[in-house]
Amino acid sequence: MKRKLSLYLLIAISFFQANLLLPIQPALADESLLNSQVGFSEGGDIQSAFGSEEPSDIRYTVSRIIISVLTLVGIIFVIILIIAGFKYMTAAGNEETARTAIRQITQAVIGLLIILAAWSITYFVMRHLAGAVGNNPLLP
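With mature numbering (1 follows the signal peptide of the UniProt record, and there is no 0) as the guide, the letters of the sequence shown map in order to residues -29 to -1, 1 to 111.
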């Protein structure tokens, strides 16, 4: 049995070794295709087809930062909720541990509600601020 396994292993290794020694064929791509694409320059740089201008409006940057921070804090609260639920499930009849876990779950739910309210207020204010200044929305 061991000899048979060694033989199969030797055949498999030799097969893969043979494939490694084969010459790699280049992909014969058409270079003229890049130049015929709309939005690409002669050097192949991406230009106006994908938006060459970076958003320089400070309101846009601030709104993205606020949304990112609120999302990160929301993820942290969900992780705290999962850990507290795990503590509650593994309390094994210990009332003090169960009480602590329930308190953590309550605090995590309250924190999630606060984060949701903060995100909603931020979204509302930024959406109306964008509407008051111009037609370009700041938020997706």
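Glycine residues also receive a C-beta, built at the ideal position from the N, C-alpha and C atoms.
A63 counts as exposed, since fewer than 16 other beta carbons sit within 10 angstroms of its beta carbon. Under the three-state reduction of DSSP output, G82 falls in the helix class.
DSSP, read as helix, strand or coil, puts G56 in helix. Cβ-Cβ separation between T93 and I37: approximately 5 Å, consistent with a contact (criterion under 8 Å). Between I51 and Q75, the CB-CB gap stays under 8 Å. Judged by their CB atoms, I86 and F48 are nearer to each other than the 8 Å cut-off.
For the options R(-27), R30, T42, the alpha carbon positioned closest to that of S91 is the one of T42. A residue is called buried when at least 16 other Cβ atoms come within 10 angstroms of its Cβ; S(-16) does not meet this threshold and is exposed. Per DSSP, reduced to three states, the secondary structure at M97 is helical.
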